[in-house]
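Colleague: Going by our numbering, the first residue of the sequence shown is number 234, and it counts up by one from there.
No residue lacks a Cβ here, since even glycine has one placed at the ideal position from N, Cα and C.
What you are looking at is a predicted structure, and each value in this text was computed from that prediction instead of being measured.
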Amino acid sequence: MTQRLLRRRRRRALLRAAVLRLRFYDGDSKCVACLKAKSTLVNGISRVEGEEEEIDPQAGRACVFDPNELRAVDSRIVKRASEEFRVGERGFVGFGGFDNVRGLYKWKGLYLEVDETMYDFGTCYEVECESTEPEKAKDAIERLLRENGICFSDSVASKFAIFRSGKMP
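#1: With 16 other CB atoms within 10 Å as the buried threshold, where does TYR338 fall?
#2: Report the option in GLU359, GLY327 and GLU363 whose CA atom is closest to the CA atom of GLY342.
#3: Express the C-alpha separation of VAL311 and ARG304 in angstroms, rounding to a whole number.
#4: So, at 7 angstroms on beta carbons, what are the nonlocal neighbours of ARG294 in its own chain, with the 5 sequence-adjacent residues on each side left out?
#5: Alpha carbon to alpha carbon, how far is ASN381 from GLU302?
#6: Would GLY330 be called buried (16 or more neighbouring beta carbons within 10 Å of its own) or exposed?
#7: Who are the Cβ neighbours of VAL265 in its own chain at under 6 angstroms, not counting the five residues just before and after it?
#8: Quick one, are the C-beta atoms of MET401 and GLY355 less than 8 angstroms apart?
#9: Please report the straight-line C-alpha distance between VAL360 and ILE383, rounded to a whole angstrom.
#10: Return helix, strand or coil for ARG319, following the three-state DSSP convention.
#11: Sorted by chain position, which residues of the same chain lie with C-beta nearer than 6 angstroms to ALA292's C-beta, five sequence neighbours on each side aside?
#12: Which word fits ALA246, buried or exposed, when buried means at least 16 other C-beta atoms lie within 10 angstroms of its C-beta?
#13: Assign GLY327 to one of three DSSP states: helix, strand, or coil.
#14: In chain order, what residues of the same chain lie with their CB nearer than 6 angstroms to the CB of VAL389, ignoring the 5 residues before and after it?
#15: Could you work out which residue in ILE278, PRO290, CYS267 and LEU274 is closest to ASP259 when comparing CA atoms only?
#16: Quick check: SER391 and SER279, are their CB atoms within less than 8 angstroms of each other?
#17: Can you name the start and end residues of the beta strand (DSSP E) that ARG280 belongs to?
Next up, the structure:
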């Protein structure tokens, strides 16, 4: 899965902590537009508002090469981002991207997403789990890792923040 990150030129989106991302699966067989906003990261637990929508992979790839092609994409998420962040003449700008390989596992009633994220400057590993009780899920995952001798630490930044910083946490 290759992730390409697109964001408004103005600082408005950054101030609202919003990111419009294109995620590609199996090369170009599938493309998903993702809008993530209002993220917080406390004690290794991330909470974020997110919305996703599948878009045409060829259109998505065209947007990677020219982010202003997003204006031509028929997508409720792109439309929402354009309206909410007042995308005008200056349009969108691309920031590049990173590769992510994700394994999906069902474990003790939880769905775990184990990511290997490869940046130009290094590789990170992360376990994600969506849960209505994130603290309990985190405790269970930490127990699993400890019991199997796997060293770990709490996340201190999102994948996007790590990508933008250009260095490993």
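Modeller: In terms of the structure at hand:
#1: One-based indexing of the sequence shown puts residue 338 at position 105. Result: exposed.
#2: Indexing the sequence shown from 1 puts residue 342 at position 109. Of the candidates GLU359, GLY327 and GLU363, the one whose C-alpha sits nearest the C-alpha of GLY342 is GLU363.
#3: Residue numbering aside, residue 304 sits at position 71 when the sequence shown is read from its first letter. Residue numbering aside, residue 311 sits at position 78 when the sequence shown is read from its first letter. About 8 angstroms.
#4: As a position in the sequence shown, residue 294 is number 61, starting the count at 1. Sequence-distant partners of ARG294 (beyond 5 residues in either direction) whose C-beta falls short of 7 angstroms from its own C-beta, in its chain, are ASP261.
#5: Stepping through the sequence shown from its first residue, residue 381 is reached at position 148. Stepping through the sequence shown from its first residue, residue 302 is reached at position 69. When rounded, the distance between both Cα atoms is 47 angstroms.
#6: Position 97 of the sequence shown holds residue 330. A residue is called buried once 16 or more other Cβ atoms fall within 10 Å of its Cβ, and GLY330 is buried on that count.
#7: Position 32 of the sequence shown, counting from 1, holds the residue named residue 265. Cβ within range, chain order: ARG256, GLU285 and GLU287.
#8: For the purposes of this step, residue 401 is taken as the residue at position 168 of the sequence shown. For the purposes of this step, residue 355 is taken as the residue at position 122 of the sequence shown. Yes, the Cβ-Cβ distance between MET401 and GLY355 is below 8 angstroms.
#9: As a position in the sequence shown, residue 360 is number 127, starting the count at 1. As a position in the sequence shown, residue 383 is number 150, starting the count at 1. Roughly 12 angstroms between the two C-alpha positions.
#10: Sequence index remark: in the sequence shown, residue 319 carries index 86 (1-based). Looking at ARG319 - three-state DSSP - the assignment turns out to be coil, as it is neither helix nor strand.
#11: As a working note, residue 292 is residue 59 in the sequence shown. Cβ neighbours of ALA292 beyond the five flanking positions: VAL306.
#12: In the sequence shown, counting from the first residue as 1, residue 246 sits at position 13. Reliability fails at ALA246, whose pLDDT of 46 lies under 50, so the model's placement of it is uncertain and no value is given.
#13: Mapped onto the sequence shown, residue 327 falls at position 94. DSSP, reduced to helix, strand and coil, places GLY327 within a strand of the structure shown.
#14: Residue 389 sits at position 156 when you count from the first residue of the sequence shown. Taken in chain order, the residues that qualify are PRO402.
#15: Locating residue 259 in the sequence shown gives position 26, counting from the first residue. Per the Cα distances, PRO290.
#16: Counted from its first residue, the sequence shown places residue 391 at position 158. Counted from its first residue, the sequence shown places residue 279 at position 46. In contact: SER391 and SER279 (Cβ atoms closer than 8 angstroms).
#17: On the sequence shown, position 47 is the one that residue 280 refers to. Per DSSP, ARG280 is one residue of the beta strand (DSSP E) stretching across 278–288.
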